[in-house]
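Enquirer: Protein sequences, first through last, are from chains A and B. All the letters of the first sequence, read from the start, carry residue numbers 1 to 286 under the working numbering. All the letters of the second sequence, read from the start, carry residue numbers 287 to 622 under the working numbering. Each residue gets a CB set at the ideal place from its N, CA and C atoms; glycine is no exception. Have a look at this one before I ask anything.
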Amino acid sequence: MSALVMGRRRLAAGREAYPRLGVLGWTSAGFLALIALIAVFAPLITPQDPLAIDLGNAHVAPGTDYFLGSDANGRDILSRLIVGSRTSLLGPLGVVALAAAAGSTIAIASAWIGGRFDQIVVRVVDAWFSFPGILLAILAVAVFGSGLMAPVIALAISYIPYSARVTRSGAIRERRLPYVEALQVQGFSAWRICTRHLLPNLAPLIVAQATVAFGYAMVDLAAISFLGLGVQPPTPDWGLMVSQGKNGILQGHPQETLFAGLAIVLTVLAFNLLGDRISRVYQERS
Amino acid sequence: MSTLLEIEGLSVTLPAGGEQRQVIHDVSLAIGEGEAHGLVGESGSGKSMTARSIMRLLPPGAEVQGAVRFDGTDVNSLDRGALRRFRGNDVAMIFQDPRSHTNPVRTIGDFMTEALCRNRGMGKRDALKRAAELLEEVFVDDPERRLTQYPDELSGGLLQRVMISAALAVEPRLIIADEPTTALDVTNQAEVMAILDELRRERGLAMLFITHDLDLAAAVCDHTSVMYAGFVVESQASERLHDRPRHPYSAALSHARPSIDRTLDRLPAVPGRPLSAFEAPSGCAFADRCPFKQTRCVEEAPALRELDGAMVRCHRAEELAETLAGSFQEDLSGHT
Chain A
1 MSALVMGRRR
11 LAAGREAYPR
21 LGVLGWTSAG
31 FLALIALIAV
41 FAPLITPQDP
51 LAIDLGNAHV
61 APGTDYFLGS
71 DANGRDILSR
81 LIVGSRTSLL
91 GPLGVVALAA
101 AAGSTIAIAS
111 AWIGGRFDQI
121 VVRVVDAWFS
131 FPGILLAILA
141 VAVFGSGLMA
151 PVIALAISYI
161 PYSARVTRSG
171 AIRERRLPYV
181 EALQVQGFSA
191 WRICTRHLLP
201 NLAPLIVAQA
211 TVAFGYAMVD
221 LAAISFLGLG
231 VQPPTPDWGL
241 MVSQGKNGIL
251 QGHPQETLFA
261 GLAIVLTVLA
271 FNLLGDRISR
281 VYQERS
Chain B
287 MSTLLEIEGL
297 SVTLPAGGEQ
307 RQVIHDVSLA
317 IGEGEAHGLV
327 GESGSGKSMT
337 ARSIMRLLPP
347 GAEVQGAVRF
357 DGTDVNSLDR
367 GALRRFRGND
377 VAMIFQDPRS
387 HTNPVRTIGD
397 FMTEALCRNR
407 GMGKRDALKR
417 AAELLEEVFV
427 DDPERRLTQY
437 PDELSGGLLQ
447 RVMISAALAV
457 EPRLIIADEP
467 TTALDVTNQA
477 EVMAILDELR
487 RERGLAMLFI
497 THDLDLAAAV
507 CDHTSVMYAG
517 FVVESQASER
527 LHDRPRHPYS
537 AALSHARPSI
547 DRTLDRLPAV
557 PGRPLSAFEA
567 PSGCAFADRC
577 PFKQTRCVEE
587 APALRELDGA
597 MVRCHRAEEL
607 AETLAGSFQE
617 DLSGHT
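Here you go:
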């Protein structure tokens with residue numbers, strides 16, 4: 001989130017007081033901020049213990065006792081969604097942070113050095129796209145065991161080329177701007193020009209790409225949890241909840257899958273809308 | 287006066303369409319400590335490429351022959367660290383378009399202090415104070431406020447003055463000014479030029495002044511070289527170049543300027559099309575447009591040679607001496 005704030009400041013500093021995110025952009029940003037707050041303060045705001053099993057109250061419909069109903073084990077779905085937001089947000093955050101860091105480094109180095117090095121990087125990145133993220137994550141789980149860590153790193157690796165390709169296109173354009181030459185003439189090192197000038201100017205682009213990627217990573221991680229390879233029960237996780245609630249659907253109790261699915265869809269949608277708006281503002285600027 | 291910058295037999299080729307094309311042909315010039323040297327020519331004549339060769343800022347694939355010596359050291363032999371020190375401490379460059387040569391998301395203060403902090407090892411606070419002093423020297427009002435502003439909040443003339451003071455901030459020994467007033471309003475040009483000239487003289491800095499304005503170069507520079515299609519065609523003391531041009535091209539350039547003493551229906555122009563540096567032919571590069579062309583000019587490339595204290599690249603320099611100094615205008619109009 002701090003990268004987003006930084007990107008905004010740069011945008012604001014360059015051209016105008018507020019970036020034109022629009023109503024949808026700001027609504028999405030507000031919604032995501034709310035989700036983030038819920039995740040941070042999760043243990044303080046859960047109405048019930050998310051892990052307490054009460055088989056006598058299984059599959060209770062949404063109502064006053066259980067606001068969003070209870071699951072097959074009689075656990076409060078709302079409380080589990082609130083606590084589940086932690087792993088559900090932390091996972092994709094790890095994926096995009098790793099992928100954006102590695103991707104931007106590759107992209108800026110490639111654009112700066114140029115020539116044959118750049119061409120090799122482009123080919124390698126092209127080949128890299130063919131890595132199937134989910135399969136790689138399953139492989140990682142098979143090798144390193146289930147949990148959040150292995151799938152996150154595996155997905156991050158498969159997300160690097162997306163970040164690298166987008167950032168490289170921006171970096172190539174930025175690299176050719178005359179101010180970079182003026183900096184070289186002042187005797188600044190390549191490292192300094194890249195980290196202090198190119199990177200901040202590319203931040204909006206990197207953030208926009210990472211925001212969209214966040215949504216995809218969330219869906220991918222949910223799929224991995226759904227398959228039972230990610231976060232392990234009884235820890236609540238949205239993807240896992242979709243999976244655990246699927247038997248209830250046939251018995252006429254769709255609430256667990258429904259609300260967990262809804263949480264994923266709304267969050268992913270908000271990330272996509274926000275990412276779209278940020279990249280549009282960036283394009284308007286340049 | 288000791289020589290600060292010496293360019294000797296510089297030739298540069300750039301890759302274009304699968305082959306190397308020569309854009310600079312055997313350029314030699316020397317700038318003494320504290321001396322201003324003008325480099326005059328049309329667009330594409332190789333002026334900026336010459337400046338870039340000094341800074342080692344040529345595009346990838348460029349091949350360089352000849353030597354560029356700064357204070358006796360060959361610039362092309364510097365390793366990475368030494369090159370950075372050379373660029374950061376010894377030479378400063380002022381560009382034609384100040385706006386595109388500043389990072390738009392950095393404040394003027396950031397821009398001015400970055401070099402002071404990095405190359406001079408100053409603390410941020412001292413650097414900001416120094417920057418404000420420097421801005422005052424170039425007559426920028428309210429320098430403290432300017433330091434917090436962004437480049438797009440400043441006018442072109444003001445920004446160019448900021449660039450000049452930033453260039454002088456690191457106390458270089460040589461300034462390369464690449465058409466510093468071309469992108470400015472006419473009202474700003476004279477003022478910016480005057481400031482640059484005055485500060486340079488005050489500090490005893492050497493300057494390589496690139497322009498396409500022969501009179502301007504003559505006014506601010508001790509010595510002027512005229513470039514055409516990648517060749518230096520003439521090089522001599524500025525006032526002599528103005529009064530007694532030795533090369534038909536220099537003479538034509540001075541005549542193409544409007545003058546308050548002459549009344550004309552139409553300004554004279556140099557006939558023909560300017561040759562870009564990489565299409566230089568086997569003979570004299572200017573032959574096609576020269577009113578004094580002879581067979582020899584087309585067949586044999588003239589060498590740069592000395593004539594009465596001037597360097598000139600023309601076969602007929604001796605016989606044309608009087609013509610070029612005097613009534614050149616009639617010859618020119620009679621030709622077309």
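1) Out of A/ALA156, A/GLN184 and A/ILE77, which has the shortest C-alpha to C-alpha gap to A/LEU240?
2) Using the C-alpha atoms, what's the distance from B/PRO390 back to A/TYR179?
3) Per DSSP, A/PHE144 is paired with what?
4) Looking at chain A, is there any beta carbon in it that lies within less than 8 Å of the beta carbon of B/THR388?
5) Might you give, ordered along the chain, the residues of its own chain that have their beta carbon closer than 8 Å to the beta carbon of A/PHE226, omitting 5 neighbours on each side?
6) At a CB-CB cut-off below 7 Å, which residues of chain B make contact with A/GLN186?
7) Taking all protein chains shown into account, do 16 or more other C-beta atoms lie within 10 angstroms of the C-beta of B/LYS333, making it buried, or fewer, making it exposed?
8) Apply the 10 Å Cβ neighbour rule to B/GLY620 and answer buried if 16 or more other Cβ atoms are within range, or exposed otherwise.
9) Taking only the alpha-carbon atoms, compute the straight-line gap between B/TYR514 and B/LEU344 and give it to the nearest angstrom.
10) By a C-beta neighbour count over all protein chains shown, 10 Å radius and 16 as the cutoff for buried, is A/THR211 buried or exposed?
11) Mind checking if B/PHE381 is an interface residue toward chain A, Cβ cutoff 8 Å exclusive?
12) Under a CB-based cut-off of 8 Å, is A/ALA182 close to chain B?
13) Residues of chain A with CB closer than 9 Å to the CB of B/PRO346, please, in chain order.
14) In whole angstroms, give me the CA-to-CA distance for A/GLU181 and B/MET398.
15) Kindly indicate which residue of B/PRO531, B/LEU491 and B/PRO557 has the alpha-carbon position closest to the one of B/ALA611.
16) With distance defined between alpha-carbon atoms, name the residue in B/VAL448, B/PHE425 and B/ARG431 nearest to B/HIS387.
17) With DSSP run on the structure shown, which of helix, strand or coil describes A/TYR66?
18) With 16 other CB atoms within 10 Å as the buried threshold, where does A/GLY187 fall?
19) If the cut is a Cβ gap below 7 Å, which residues of chain A does B/MET341 touch?
20) Note down, in chain order, each residue of its chain lying with its Cβ closer than 6 Å to the Cβ of A/LEU51, except the 5 sequence neighbours on either side.
21) Go through its chain and collect everything with a Cβ distance to A/LEU288's Cβ below 8 Å, but skip five positions before and after it.
22) Along the chain, where does the beta strand (DSSP E) that runs through A/TYR162 open and close?
23) Looking at chain B, is there any beta carbon in it that lies within less than 8 Å of the beta carbon of A/LEU177?
24) If you measure between the beta carbons of B/CYS600 and B/PRO588, is that distance less than 8 Å?
25) Can a CB atom of chain A be found closer than 8 Å to the CB of B/VAL354?
26) Give the secondary structure of B/PRO557 by DSSP, where H, G and I count as helix, E and B as strand, and everything else as coil.
27) My understanding is that A/GLY170 touches A/LEU202, with C-beta atoms under 8 Å, so please give their C-beta distance in whole angstroms.
28) Tell me B/TYR436's beta-bridge partners as DSSP assigns them.
29) With respect to the alpha helix (DSSP H) encompassing B/ARG582, which residues constitute its N-terminal and C-terminal limits?
30) What's the C-alpha gap between A/THR195 and A/ALA101?
31) Taking C-alpha atoms, which residue in A/TYR66, A/ILE108 and A/SER146 lies nearest to A/ALA164?
32) Measure from the C-beta of B/ALA302 to each C-beta in chain A and report whether the shortest distance is under 8 Å.
33) Are the C-beta of B/VAL391 and some C-beta of chain A separated by less than 8 Å?
34) Determine contact between the segment 289-308 of chain B and the segment 336-354 of chain B, defined as no fewer than three beta-carbon pairs at a distance below 8 Å.
35) Given a threshold of 16 other Cβ atoms within 10 Å of its Cβ, counted over all protein chains shown, does B/GLN446 qualify as buried or as exposed?
36) In chain order, what residues of the same chain have a beta carbon less than 6 Å from the beta carbon of B/ALA302, not counting five sequence neighbours either side?
Expert: Quick answer:
1) Here residue 240 of chain A refers to the residue found at position 240 of the first sequence. Among A/ALA156, A/GLN184 and A/ILE77, the Cα nearest to that of A/LEU240 is on A/ILE77.
2) Taking the first residue of the first sequence as 1, we reach residue 179 of chain A at position 179. Taking the first residue of the second sequence as 1, we reach residue 390 of chain B at position 104. Cα-Cα distance, rounded: 9 Å.
3) For the purposes of this step, residue 144 of chain A is taken as the residue at position 144 of the first sequence. Note: A/PHE144 sits in no beta bridge, so no partner.
4) Translated into the one-based positions of the second sequence, residue 388 of chain B becomes position 102. Yes, contact with chain A.
5) On the first sequence, residue 226 of chain A is found 226 positions in, with the first residue counted as 1. Hits under 8 Å: GLY239, LEU240, VAL242 and SER243.
6) Within the first sequence, numbered from 1, the residue matching residue 186 of chain A stands at position 186. Residues of chain B passing the Cβ test: ARG373, GLY374 and ALA401.
7) The count along the second sequence starts at 1 and reaches residue 333 of chain B at position 47. When all chains shown are included, B/LYS333 counts as buried.
8) On the second sequence, residue 620 of chain B is found 334 positions in, with the first residue counted as 1. Reliability fails at B/GLY620, whose pLDDT of 44 lies under 50, so the model's placement of it is uncertain and no value is given.
9) Taking the first residue of the second sequence as position 1, residue 514 of chain B is located at position 228. Taking the first residue of the second sequence as position 1, residue 344 of chain B is located at position 58. Roughly 19 Å between the two C-alpha positions.
10) Taking the first sequence and counting its residues from 1, the one referred to as residue 211 of chain A is at position 211. Classification for A/THR211: buried.
11) Counting from one through the second sequence, the residue named residue 381 of chain B turns up at place 95. Chain A contact via Cβ: present.
12) Your numbering for residue 182 of chain A matches position 182 in the first sequence. Answer yes: the Cβ-Cβ gap between A/ALA182 and chain B drops below 8 Å somewhere.
13) To locate residue 346 of chain B, count along the second sequence from 1; it is residue 60. Within 9 Å Cβ-Cβ: GLY114 and GLY115.
14) Numbered from its first residue, the first sequence carries residue 181 of chain A at position 181. Numbered from its first residue, the second sequence carries residue 398 of chain B at position 112. Going from the Cα of A/GLU181 to the Cα of B/MET398 covers about 16 Å.
15) Position 325 of the second sequence, counting from 1, holds the residue named residue 611 of chain B. Here the closest residue by C-alpha is B/PRO531.
16) Start at 1 with the first residue of the second sequence, and residue 387 of chain B comes out as number 101. Nearest of B/VAL448, B/PHE425 and B/ARG431 to B/HIS387, Cα basis: B/VAL448.
17) Along the first sequence, one-based indexing puts residue 66 of chain A at 66. In this structure, A/TYR66 counts as coil in the three-state DSSP scheme.
18) For the purposes of this step, residue 187 of chain A is identified with residue 187 of the first sequence, where counting begins at 1. The residue in question, A/GLY187, is buried, as its Cβ has 16 or more Cβ neighbours within 10 Å.
19) Along the second sequence, one-based indexing puts residue 341 of chain B at 55. By Cβ distance, chain A contributes VAL185.
20) Stepping through the first sequence from its first residue, residue 51 of chain A is reached at position 51. The answer, listed in chain order, is PRO234.
21) Missing from the structure shown is residue 288 of chain A; chain A here goes from 1 to 286 and no further.
22) In the first sequence, residue 162 of chain A corresponds to position 162, counting from 1. Here A/TYR162 belongs to no beta strand (DSSP E); instead the alpha helix (DSSP H) covers 149-175.
23) Indexing the first sequence from 1 puts residue 177 of chain A at position 177. Interface residue, yes.
24) Taking the second sequence and counting its residues from 1, the one referred to as residue 600 of chain B is at position 314. Taking the second sequence and counting its residues from 1, the one referred to as residue 588 of chain B is at position 302. Cβ distance < 8 Å, so B/CYS600 and B/PRO588 count as in contact.
25) The count along the second sequence starts at 1 and reaches residue 354 of chain B at position 68. Judged by the 8 Å Cβ criterion, B/VAL354 is not in contact with chain A.
26) Stepping through the second sequence from its first residue, residue 557 of chain B is reached at position 271. Residue state, collapsed to three classes: coil.
27) Locating residue 170 of chain A in the first sequence gives position 170, where the first residue counts as 1. Locating residue 202 of chain A in the first sequence gives position 202, where the first residue counts as 1. Rounded, the Cβ-Cβ distance is 5 Å, consistent with contact.
28) In the second sequence, counting from the first residue as 1, residue 436 of chain B sits at position 150. In the DSSP output, where bridge partners are listed per residue, B/TYR436 has none listed.
29) Counted from its first residue, the second sequence places residue 582 of chain B at position 296. It spans 581-585 - the alpha helix (DSSP H) in which B/ARG582 sits, taken as one unbroken run.
30) Counting from one through the first sequence, the residue named residue 195 of chain A turns up at place 195. Counting from one through the first sequence, the residue named residue 101 of chain A turns up at place 101. C-alpha separation (whole angstroms): 12 Å.
31) Numbered from its first residue, the first sequence carries residue 164 of chain A at position 164. When only C-alpha atoms are compared, the closest one is A/ILE108.
32) For the purposes of this step, residue 302 of chain B is identified with residue 16 of the second sequence, where counting begins at 1. No, its Cβ sits nowhere closer than 8 Å to a Cβ of chain A.
33) Locating residue 391 of chain B in the second sequence gives position 105, counting from the first residue. By this cut-off, B/VAL391 is an interface position.
34) yes
35) As a working mapping, residue 446 of chain B is identified with position 160 in the second sequence. Result: buried.
36) Here residue 302 of chain B refers to the residue found at position 16 when the second sequence is read from its first residue. Cβ neighbours of B/ALA302 beyond the five flanking positions: none.
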